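Numbering (UniProt numbering), first residue to last: 1 to 294.
Every residue, glycine too, gets a C-beta built ideally from N, C-alpha and C.
All figures in this text were calculated on a predicted structure; none of them were measured in a lab.
See below:
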């Protein structure tokens, strides 16, 4: 197809692929480099027992900093996918009336909620260095892997934005002049965000239930949720592109078949017409022309 045929949503998906690679690496490094530990899941006695300058302190500080980077990549990927979906809807409804305003509101909602989520992570713990403080206990808001403030804010805004994005194409699909089976199929295709919301809620529940292994689980569940988001966000464009490609393939195949069968069929038809014309008198009446299909 070529780079010149790509749209804004396509470029955003390419950007999302790089962010997903970074997020996956950060989630892997939490266990591989930092042994799944950070400044969370510790009692006061365990915190007091950590010797300054020790290898354990090095691991916990490194794990805590990696968690901050991981949460940033997690939110950046989710909201990049939302932005790509919104641009796709803009392209999908460009010839329809009444959708441009709703999509513009969608852009505003995505931008505002991303800034809100990002500021919650950056300003939720003050001073910022407490995010990797071990002793004394910096508090839950300064434990990036299991911060209740960040988790609740992120999951709520994630669900709100996904719900709004789903509300854009569904009325259009339901009002379309197609069979009910196709309507249900299209609505199911564009309702994949339900799976993303379910994954986000599950991630929130699992992180809240077990703070001891929160550092390791946070990255793993973030990758699971974003993987589902990537698949769901790409389903409508892939479905649309595959339909167009299949239609072009059928048209090309039919033209080739006509080209190969044309000369023999035309010669037979011309000879029969010549015979009929010679044996029958000419008439002013003829068969009516076929009306072209719309």
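According to DSSP, is residue i part of a helix, a strand, or is it coil?
{"i": "residue 71", "result": "helix"}
{"i": "residue 273", "result": "With a pLDDT of 46 at residue 273, under the threshold of 50, the modelled position of that residue is not reliable, and the figure given next carries that caveat. Looking at residue 273 - three-state DSSP - the assignment turns out to be helix."}
{"i": "residue 221", "result": "helix"}
{"i": "residue 122", "result": "helix"}
{"i": "residue 34", "result": "coil"}
{"i": "residue 137", "result": "coil"}
{"i": "residue 6", "result": "coil"}
{"i": "residue 296", "result": "An answer regarding residue 296 cannot be provided, because it is not within the stretch 1 to 294 covered by the chain."}
{"i": "residue 127", "result": "coil"}
{"i": "residue 15", "result": "helix"}
If residue i sits next to residue j, beta carbons under 8 Å apart, how far is it from one beta carbon to the other, in whole angstroms?
{"i": "residue 23", "j": "residue 226", "result": "6 Å"}
{"i": "residue 7", "j": "residue 87", "result": "7 Å"}
{"i": "residue 195", "j": "residue 232", "result": "6 Å"}
{"i": "residue 63", "j": "residue 38", "result": "4 Å"}
Count the other C-beta atoms from every protein chain shown that fall within 10 angstroms of the C-beta of residue i, then say buried if there are 16 or more, exposed otherwise.
{"i": "residue 106", "result": "buried"}
{"i": "residue 146", "result": "buried"}
{"i": "residue 150", "result": "buried"}
{"i": "residue 72", "result": "buried"}
{"i": "residue 90", "result": "buried"}
{"i": "residue 180", "result": "exposed"}
{"i": "residue 182", "result": "exposed"}
{"i": "residue 208", "result": "exposed"}
{"i": "residue 119", "result": "exposed"}
{"i": "residue 82", "result": "buried"}
{"i": "residue 158", "result": "buried"}
{"i": "residue 30", "result": "buried"}
{"i": "residue 169", "result": "buried"}
Please confirm whether any heavy atom of the ligand FAD lies closer than 8 Å to the CB of residue i.
{"i": "residue 167", "result": "As for the ligand FAD, it is missing from this structure, which has no ligand bound."}
Continuous alpha helix (DSSP H) assignments of at least 4 residues falling wholly in the segment 39-116 = 44-49, 55-92
Which ranges does the alpha helix (DSSP H) cover as unbroken runs of at least 4 residues, wholly within the segment 146-231, from first to last along the chain?
-> 148-167, 169-175, 180-190, 193-209
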